[in-house]
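Structure first, then comments.
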Amino acid sequence: MKNIFVAAAVSVLSSVAIAEGPSWTYASVGFVAGDSSDEEEDGNYSGHSFNASAQLSDSFHARIDYADVDLNEEDSSEGYTLALGVHSALTDNTDLVVEFVHSSYDFEEDNENEGEGYDGSGLNVGLKSMFTDKLELSAGVSFRDLELDTNFNGSKERHITTYFGGQYFVNENMGVGIDYSEFDVQTTDDFGSIGTLNVYVRWSLGGAL
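Right under this line is the structure:
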């Protein structure tokens, strides 16, 4: 179902040319919540997010995503993803996006950091479009190869994530948005998929630096 939804979103984004291209220099703060499909585990979590992006030139941008979430009353996770991306205009309002990313997250159990977490790199491929002058849409797929330092699963994992979202601009510089992503672990059979919802406020900060 999620693949059908993303395919439909990609089709819509690539076929409509109404507004100018999307913004690449912005900052946002939000609330995140998620749930695991593993019925044997309590996979609910919630927390906060921070995102910032800077357009470096007509075709390049850099981005940082930060999240701090509570997995339960005693356990939490905190970390970031750094991205260096290329965006190329497919139409007047739609960009093809390719990003090289590195992620690093730490886990705390019983409110103590025991050095557990993961690091890894990967690739994002997607589309980002100003569907109208007020509405920005995005969709894509992300691949991650991770090195784990935890007491669960194996020492390595591969995550494949599908994501889509939209943002409505209240005015020229401020917008409210919602993103949804879902990732599956490809290298273990005992871990379900995890869906994450991010509701945020974003401030656009102009064009290229």
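Each residue of the sequence shown is one higher than the one before, starting from 1162 at the first, in our numbering.
Cβ coordinates follow ideal geometry from the N, Cα and C atoms, glycine included.
Restricting to runs no shorter than 3 residues, where is the beta strand (DSSP E) found entirely within the stretch 1188 to 1241?
Listed in chain order, the complete beta strand (DSSP E) runs (minimum 3 residues) inside the stretch 1188 to 1241 are 1206 to 1216, 1221 to 1231.
Straight-line gap, G1338 to G1327 (C-alpha atoms, nearest Å):
Cα-Cα distance, rounded: 6 Å.
Next item on the list: Quick one: measure Cβ to Cβ for D1345 and Y1324, integer angstroms, because I've assumed they're closer than 8 Å.
Entry: Taking the Cβ atoms as the reference, D1345 lies roughly 13 Å from Y1324, outside the contact range of under 8 Å.
_Comparing C-alpha positions only, which one of K1317, D1294, S1290, T1252 sits nearest to V1331?_
Comparing Cα-Cα distances from V1331 to each of K1317, D1294, S1290, T1252, the minimum goes to D1294.
Task: Cα-Cα separation between E1260 and E1269, rounded to whole angstroms - done: If I take the Cα positions, the gap works out to 29 Å.
With a 10 Å radius around its C-beta and 16 neighbouring C-beta atoms as the bar for buried, classify K1289 as buried or exposed.
Under this definition K1289 is a buried residue.
Would you identify the three-state DSSP class for F1344, choosing helix, strand or coil?
Reduced to three states, the DSSP call for F1344 is strand.
Do G1182 and N1254 have their C-beta atoms within less than 8 Å of each other? Closer than 8 Å, so yes.
- Query: According to the Cβ coordinates, are F1211 and V1247 closer than 8 Å?
  - Reply: Against a cut-off of 8 Å, the Cβ pair of V1247 and F1211 comes out as no contact.
Inset, instruction - Mark S1249 as exposed unless 16 or more other C-beta atoms lie within 10 angstroms of its C-beta, in which case mark it buried. - result: A residue is called buried once 16 or more other Cβ atoms fall within 10 Å of its Cβ, and S1249, having fewer, is exposed.
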